[in-house]
Amino acid sequence: MSETKNLLVTGGTGFIGSNFIHYVTAHEPSWNIVNLDLLTYAGHLENLSDIPNDKYSFIKGDICDKELVEKILSDYQIDTIVHFAAESHVDRSIEGPGAFVQTNIVGTYNLLEVARQYWKNNGGYDGKRFHHVSTDEVFGMLKKDDPAFTEENPYSPNSPYAASKASSDHLVRSYQHTFGLPTTITNCSNNYGPYQFPEKLIPLIILNAVNGKPLPIYGDGLQIRDWLFVEDHCEAIVTVLKNGVVGETYNIGGENQFPNLEIVKKICHLIDEYLPESPHYPHEKLITYVKDRPGHDFRYDMNITKIRRELGWSPKFSLEKGLAFTVNWYLNHQDWIENVTGSKAFSDWIIKNYQKREK
Ligand code: NAD
Ligand code: TYD
1 MSETKNLLVT GGTGFIGSNF IHYVTAHEPS WNIVNLDLLT YAGHLENLSD IPNDKYSFIK
61 GDICDKELVE KILSDYQIDT IVHFAAESHV DRSIEGPGAF VQTNIVGTYN LLEVARQYWK
121 NNGGYDGKRF HHVSTDEVFG MLKKDDPAFT EENPYSPNSP YAASKASSDH LVRSYQHTFG
181 LPTTITNCSN NYGPYQFPEK LIPLIILNAV NGKPLPIYGD GLQIRDWLFV EDHCEAIVTV
241 LKNGVVGETY NIGGENQFPN LEIVKKICHL IDEYLPESPH YPHEKLITYV KDRPGHDFRY
301 DMNITKIRRE LGWSPKFSLE KGLAFTVNWY LNHQDWIENV TGSKAFSDWI IKNYQKREK
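In terms of this note's numbering, the sequence shown is residues 1 to 359.
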């Protein structure tokens, strides 16, 4: 049984944050969790409706609200911050970068500043941890045969999303270097799994395929991502919280590189298998090429030697297993899908993002 921790999870109502809260509840039953989430379009309380209240509390609020964050650190005697809250969708960062600067950069600064002052004045930094959850996109893009990114690669972010995450990583690093705040950072590749909002590739394709709608492929669909099942990501973060070295960054990835088109075809084949009577069978015929994303990064790939060697973590889910689980999950959670996609804001986004891509 591991030592008790009092966690502040930011953005715990979103995709990875809610999976993380499920993971911790199941695997670290002595840890207490406070989830601070603004419930933007990406946050959904139904993602956590089955979490018991004895060790879990939810607070609706903004990571940019200094007084609120300080009150939470004090009220709940927080010793560990796991920072997920962010604007996370590249296409939205192209449409409107301002929210990304505010939440991802100013919000992270705010959390760091409150943690630095509050912990320093209340018992010191011993036993404390600020863990920042970041992305592979900070490293820019790779060509087809380039070696995977290591922790030593220079930052070279290409989208406003990636630039805002890179800025936040730099702030975290500087608070460690200058003030001695006990921080760790993880940079992870593309996640997929339950509770992912259907604006991202995998859930969007599942949803559209089931409903007989076009499956939009940006450009030629040959862009490559490294896919990681979300539960593996959660396990990696817990590993870093327990055994990671303060001041270090760790790459996390699935060692599952595939072009987008192949991922979409795999999803179609799974849905063909699960819904052989569907009027949209075979689902591959719904694939539709649309205008590319501006500045679209060609390839990401993570070298995970460091976390494997130093902390003994490696992904457990093959893409086949993770994708089959995920497609099944979406097919069996129609209520969840209807709840999170039923708003006008979601249909407005779909119209806005895809009308401009019609060829
Ligand atoms: P998400 O968009 O699903 O969830 C973000 C959550 O943050 C939502 O619940 C939202 O309500 C909340 N939030 C937004 N602004 C807030 C604010 N100002 N104050 C409090 N809460 C706020 O995102 P995700 O996909 O779960 O990503 C979580 C983190 O992981 C992000 O930092 C992202 O950069 C990083 N990441 C994501 C991926 C991926 O594939 N999704 C990969 C690597 C890293
Ligand atoms: P996404 O899920 O938005 O993640 P990210 O941009 O952070 O990698 O997109 C994954 C890949 O899929 C990316 O190369 C863009 C592409 N894509 C499409 O081809 N069509 C779509 O409708 C979406 C949302 C993404």
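In this text, a Cβ means the ideal position worked out from N, Cα and C, and glycines have one as well.
Distance check between residue 126 and each of 338, 180 and 226 places 180 closest, using alpha-carbon atoms only.
A straight-line Cα-Cα distance of about 15 Å links residue 295 and residue 225.
Check the Cα spacing between residue 313 and each of 259, 282, 278 and 254: the tightest is with 254. Under DSSP, the beta-bridge partners assigned to residue 259 are 224.
The beta-carbon separation of residue 55 and residue 298, rounded to 44 Å, does not stay under the 8 Å limit for a contact.
Taking 7 Å as the cut-off, one finds at least one heavy atom of the ligand NAD near enough to the beta carbon of residue 64. When secondary structure is reduced to three states using DSSP, residue 37 falls in the strand class. Between the ligand TYD and residue 220, a heavy atom-to-CB distance of less than 7 Å is absent. When rounded, the separation of the alpha-carbon atoms in residue 191 and residue 336 is 19 Å.
Placement of the Cβ of residue 283 at a distance of 7 Å or more from every heavy atom of the ligand TYD is found. With contacts defined by Cβ atoms closer than 8 Å, residue 168 and residue 132 form a contacting pair. DSSP places residue 160 within a helical segment (H, G or I) once states are collapsed to three.
According to DSSP, residue 135 shares a beta bridge with 188. A distance of 8 Å or more separates the beta carbons of residue 10 and residue 171. The residues 139, in chain order, have a CB closer than 6 Å to that of residue 153 in the same chain once the five nearest residues on each side in sequence are set aside.
Residue state for residue 300 is assigned as coil, using DSSP reduced to three classes. Annotation: residue 238 to residue 72 spans about 21 Å, alpha carbon to alpha carbon. In this structure, the C-beta of residue 111 stays at least 7 Å away from each heavy atom of the ligand TYD.
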